Each structure stands twice: as C-alpha cells, then as structure tokens.
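Sequences listed follow chains Z and U, in order.
Residues 0 to 181, numbered by numbering that gives the first Met the number 0, are exactly what the first sequence covers, in order.
Residues 0 to 419, numbered by numbering that gives the first Met the number 0, are exactly what the second sequence covers, in order.
We put the beta carbon where it would ideally sit given N, CA and C, even for glycine.
Keep in mind it's a predicted model, so treat the numbers as computed, not measured.
Take a look at the structure set out below.
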Amino acid sequence: MANTANTGQKDDGSSRRDFLYLATGAVGAVGVGAAVWPFVDQMNPSAAVLALATTEVDLSPISEGMGITAMWRSKPVFLRKRTQAEIEQARSVDLSALPDPQPDEARVKQPEWLVVIGICTHLGCIPLGNKQSEPRGDYGGWFCPCHGSHYDTAGRIRKGPAPTNLPVPTYEFVNDTTVKLG
Amino acid sequence: MASDYQTPYKGVLGWLDDRLPVINFADQHLRFYPTPKNLTYAWNFGSLAGIALVIMIVTGIVLAMHYTPHTDYAFASIQKIMRDVNYGWLLRYIHMNGASFFFIVVYIHIFRGLYYGSYKQPREVLWGLGVIILLLMMATAFMGYTLPWGQMSFWGATVITNLFSAVPVFGDEITRWLWGGFAVGNPTLQRFFSLHYLMPFMIVGAVLLHLVALHRYGSNNPTGIEPKGKQDQVPFHPYYTVKDLFGLGVFLIALSLFTFYAPNYLGHADNYIPADPLVTPAHIVPEWYFLPFYAILRAIPDKLGGVVAMFASVLVLFVLPWLDRSRVRSGKYRPIFKQFYWLLVLDVLVLGYVGAMPAGGIWVPIGRVATAYYFAYFLVILPLLGVFERPKPLPNSISDPVLKGGGQPAGAAAKPMEKA
Chain Z
0 MANTANTGQK DDGSSRRDFL YLATGAVGAV GVGAAVWPFV DQMNPSAAVL ALATTEVDLS
60 PISEGMGITA MWRSKPVFLR KRTQAEIEQA RSVDLSALPD PQPDEARVKQ PEWLVVIGIC
120 THLGCIPLGN KQSEPRGDYG GWFCPCHGSH YDTAGRIRKG PAPTNLPVPT YEFVNDTTVK
180 LG
Chain U
0 MASDYQTPYK GVLGWLDDRL PVINFADQHL RFYPTPKNLT YAWNFGSLAG IALVIMIVTG
60 IVLAMHYTPH TDYAFASIQK IMRDVNYGWL LRYIHMNGAS FFFIVVYIHI FRGLYYGSYK
120 QPREVLWGLG VIILLLMMAT AFMGYTLPWG QMSFWGATVI TNLFSAVPVF GDEITRWLWG
180 GFAVGNPTLQ RFFSLHYLMP FMIVGAVLLH LVALHRYGSN NPTGIEPKGK QDQVPFHPYY
240 TVKDLFGLGV FLIALSLFTF YAPNYLGHAD NYIPADPLVT PAHIVPEWYF LPFYAILRAI
300 PDKLGGVVAM FASVLVLFVL PWLDRSRVRS GKYRPIFKQF YWLLVLDVLV LGYVGAMPAG
360 GIWVPIGRVA TAYYFAYFLV ILPLLGVFER PKPLPNSISD PVLKGGGQPA GAAAKPMEKA
C-alpha cells in the first residue's frame, strides 16, 4: 500500500490512513451509541409515572395490633400499629442472628408505627399477615406464601429465601395521625 | 448467485428461475434433498415444530386484531374474544394449547438430539441455533402468558421480572427498566405485547439459519454414522414428506383433543380472575413447560444462586458438544450412556413434578437431588463417559445392520444396493 502512493507513512509503520480509519470508526461508534440510547431509555419509567411520587395516609382509624395497606408508586405499603409486646419482641432479638442485621430502632420513626414496602424481597409477591386473619409466619410479622419467607414484627427477614428485610420507604409524619409517603 | 448459473428448467418456469433461482433452491432442499434412509419417527419433530410455529403465528395475528393491550381492557378483551368474536373461542384455544404442544414437540426434538448425539461435531452450530430458538420460545411464551392480564399473568410476570433484581448492583435499575414503572403495570403490558408480536418472527429467522446449518451436513440418523453414499439415502420427497404428514395428522388429533375437549386442562383457573396487584394467589405456578426450570430456581436456597442455576440449566446446552467427549454419536452403541440418559429423562420429569408442588417438606430435598443430577449429567457424567465407557462396535454403514438382521451376509446384500 505504502509503495503505490504517498500515504504519509511514518517510520513506526503507522500511517495517516490508519489514523483516519480509527478516528472514523470511533466517531461512528459514538454516533451509533447516541442513536441507540433513546430506544433503550424509552423503556424507563415515564414522566407521568414518576410524577405520582407522594401519597398521604390517614392513620386515625388504625387501632393497636392492626395494619393497613396503602398504595404508593403502584406498590403496596404496609402500615402497622404495633402492640407493646410486638415492639419488645422486635427489640430483644440478637442482631447477629439475623440474615440482614438491622436494629428495630433504625427501621421506625415512632416505635408503635412500622411502615414498610409490602413486597417480598425474594421475587416480589405480597406477603400475608397485614390483616389479622392472615398467617403471620413464625415470627409474628408477615409470611410470603410463594416461596415461604418469614418476616418478624420489624419487617426483617428471619427465615426463607428472601435476601433482605422489607424495605422502609421514605416517609414523614405530617401530624400525629397523617403520614406522607415519598 | 454467480452469473454463470444455468437454470435446469424450461419454459415459463425456466424464465422465472433464471431471474429468481428460488425454484431450483426449493427443489434441491425440499424435494431431491438426500436424507438418511433409516430415520425413525423420532425425526418427525423438527418439521412438526415448524408447523406448530406457523399455527401459533397465524392464530396470534388474528387474535391481535381483537385484543387490547391495556391494563383496563386486556382482561375484558379476552372475554370479548371468547364470547363475541366469531370463532374467537376456537382461535384462542388453539393458540393456548398450541403453545403447550409447541413445547412438547420441541422438548421431544431436543431429547431425540440428546440420545442420538445430534449435537456432536460437525453439528455444534446447528445445535446452538436450536438452543437460541428454545430461549426465544421461552421469552415469547412468558410474555404471551402475561397478556390476558389475569392473576397468574400478573404474578407470573412479577416473579419472573424480579429474577433480574438478583443481578448485583444494577438489579433495581434493570427491573425498573423492564417494567417502565415501579411495579408490573400498564407500560409492562404494552411492551410485552409489542415484543410478543416481534419474537415469533425472530424465531422464524433462527429457524431458517437452523435449516441452513442442518442442510450443510444433513440429518443425523439412529446409527449416528454419516451416509456413505447414495445407497444410504433417499430423496426427501416423497419419502419424508409423507412420513412427516402422517406425524402431522397424529399431532393435529392430539391438539384437537385438548382444544375441543379439555381446552383449559393445561392452564390455571386463577388466570380467569382479573389481575389484582394487592392479592398474591396462594400458589404461584408457571405454565407446565417451565416447571423443571422453576424447580431448579427453587432448589438453590439463595436468590442469586437460584437465578444463576436456572439460566445455567439452559445455557449448559450451548457447551454440550464440547462436554460430551465420546466419539460415538448414537446412544444406541453406548451401553452406559444409555442408562444415564434415561435417568436424565426421568430426572427432568421429577423436576417438573417438584416445580408444581409447594416449596416445602419432602419436595425441597427431592428438588435438590434432581437439580444436582441434572448438572452432574452434563458437567461430570458426559465428560467422564467419553473416557471410561467402552462403546459397542459400530456397523460399517447405515445399511449394514438392517441387512445383517435379515440373516444375509452384509457384503452380498449390499452389492445390489450399490448398483441402484
């Protein structure tokens, strides 16, 4: 190639043509990446979905030992008013015995109110136990019927295939009987 | 096509084939195509799978004319198809049961390949393309099952998409991207419909490549010995077209029995309850054709490990041609392999049964043993058998064992065949 025309070949064997090939290829790759991105990103949650970010829940009808389910970001959120016994049960656990160690104090803002996202961290089923008529598992919290995960009265995983505790959403108490999720 | 191509046809056909040589191509590959003469009915299932794909595409296209991919209307539009659309019930029942039969046919096709060593050199790429078709089929079937938007649709979609949340670091981003929201919802349903329509045509593309790879070296056969010449082969038409058509008749009778007499036998009653994001059915079970994989998922007591094992159970098939070290292709001549093979068939059936049972009690240890055997078969037994097994002596040719069975000396019987 270099014998037939002046390609600007240098002593180390590289040429201006090699440089142009690489530069063209690099620009082309960036261009293709930029063109593909909109087709990938369109699948992420749209602005309309993201806009439904906060929900307020009225806690006044909930009596001790009872729980309700609220919808937040199309996910169920469990709000449970715990009894004194349940709080003590959650706080007396040896943390080193937990699969996902977290003290109860770090999971609540007011000791009697437990707020967790009601989706099993294994494969996304809704655990049973928010209604008093449902099975609450071996640790008095929730029981996931799909693959047998047991959660305790702080929503922590105790037994079964789920890897982590039920997540605590961001929330704050607007006043004594209203909580704002998100 | 090179410009020196000479069409073998005359007249109008010759004029057309000279400009579009597809007629000659079809003749070579569907009519004169030389095929081993000893293929059994086990070789019917490839063409049967192709026909099942056509049935699914035809019924699917007409169902899409009546279906509404929206969470508020999807369930109702299925009921409209069942009650109001002319023959809608028939089209939907064929599509529902056709999916099951497509999997039955493909599973038999795969196990035939496993027994007769159809994956071995030089057919590794043919086999790999088959595994790609299987993966595409699984994705298509999963998304199709979501569309009626019943309870099993919704919760099946939730459980399967949550498998991806096991991916380290990016798990949550991936699931949110798959859902188009914070949970399975309308954006999920709409994209699943779009992809469910697309993927069958990707399968068609993969099937065409599968056929190109098949016709490169031709079909394997029950002896696993390559044909030694024309005396070992017959033209595809009429010998195998007729044999395949007979198999198709049997297949259509079986499909009709389910479609007309037990259309919901293979499904779940829960899917006739509209999807409810707040109530999980007591017992989530996938469709029967996914049960063995579901059992493997549940056998591993770790979320990421279970997901990895489930995907590995299919992906291990890609490397199978290099795991089986034996140079003898057909299981017919491998006395020890044969026993392990039938144990694998039993093992997959057990896995399927365990997958349908609740995750507890005796089913957990049984599922674990069955999962261990599944992987041991591919990763330990096959590589070792290639070294330690002493295969039976192979016949000299495809014709040889048949003619010997007639009590005649092989040489004397083979000679008139060679003249033919």
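Going by beta carbons, residue 139 (chain U) and residue 199 (chain U) fall inside the 8 Å limit.
The three-state secondary structure of residue 118 (chain Z), taken from DSSP, is coil. Note that the C-beta distance between residue 375 (chain U) and residue 349 (chain U) is not below 8 Å. One thing to note: residue 101 (chain U) has its Cβ within 8 Å of the Cβ of residue 48 (chain U). A Cβ-Cβ distance of about 30 Å is found for the pair residue 393 (chain U) and residue 132 (chain U), leaving them out of contact under the 8 Å criterion. For residue 160 (chain Z), the C-beta contacts it makes with chain U under 7 Å involve 300, 302, in order along the chain. Along the length of the region 135–173 of chain Z, whole beta strand (DSSP E) runs at least 3 residues long occupy 139–143, 148–151, 156–158, reported in chain order. Between residue 181 (chain U) and chain Z, the shortest Cβ-Cβ separation is below 8 Å. Annotation: residue 79 (chain Z) is outside any alpha helix (DSSP H); the continuous beta strand (DSSP E) that includes it extends over 74–80. Residue environment analysis places residue 64 (chain U) among the exposed positions, since fewer than 16 neighbouring C-beta atoms fall within 10 angstroms of its C-beta. For residue 17 (chain Z), the uninterrupted alpha helix (DSSP H) run begins and ends at 15–40, by DSSP.
Chain Z places no beta carbon closer than 8 Å to that of residue 173 (chain U), leaving this residue out of the contacts. Here residue 252 (chain U) carries a helix assignment [DSSP, helix/strand/coil]. According to the DSSP assignment, residue 234 (chain U) belongs to the beta strand (DSSP E) that extends over 232–234. When secondary structure is reduced to three states using DSSP, residue 69 (chain Z) falls in the strand class. Burial state of residue 164 (chain U) is buried, judged by a 10 Å Cβ sphere holding 16 or more other Cβ atoms. Below the 8 Å Cβ cutoff, chain U contributes 175, 178, 179, 180, 181, 186 as neighbours of residue 44 (chain Z), in chain order. Per DSSP, residue 63 (chain Z) lies in no alpha helix (DSSP H) and is assigned neither H nor E. Take residue 44 (chain U), set aside five residues on each side of it, and the residues of its chain with a beta-carbon closer than 7 Å to its own are 104, 107, 108, 111, in chain order.
Remark: C-beta atoms of residue 270 (chain U) and residue 151 (chain U) approach each other more closely than 8 Å.
In this structure, DSSP gives residue 284 (chain U) a state outside helix and strand, which the three-state scheme calls coil.
With a minimum length of 4 residues, the unbroken runs of alpha helix (DSSP H) contained wholly in the region 346–411 of chain U fall at 362–375, 381–387, 398–404. What residue 149 (chain Z) touches in chain U, judged by beta-carbon distance under 9 Å, is nothing: the nearest beta carbon there is about 12 Å away. In the DSSP annotation of this structure, the continuous segment of the alpha helix (DSSP H) that includes residue 187 (chain U) starts and ends at 185–216. Taking C-alpha positions only, residue 195 (chain U) is separated from residue 201 (chain U) by approximately 10 Å. About 6 Å separates the CB atoms of residue 54 (chain Z) and residue 181 (chain Z); that is less than 8 Å, so the two are in contact. Under the DSSP assignment, residue 130 (chain Z) falls outside any beta strand (DSSP E); it carries neither an H nor an E label. Pairing residue 182 (chain U) with residue 68 (chain U) gives a Cβ-Cβ distance that is not under 8 Å. Residue-level contact check: residue 165 (chain Z) does not touch chain U, since none of the beta carbons of chain U fall below 8 Å from its beta carbon. For a Cβ distance threshold of 9 Å, residue set 70, 73, 74, 75, 125 of chain Z lies close to residue 276 (chain U), ordered along the chain. Within a 10 Å sphere around the beta-carbon of residue 160 (chain U) sit 16 or more other beta-carbons, which makes this residue buried. By the neighbour-count definition (other C-beta atoms within 10 Å, threshold 16), residue 20 (chain Z) is an exposed residue. Among the CB atoms of chain U, one or more fall inside 8 Å of the CB of residue 144 (chain Z).
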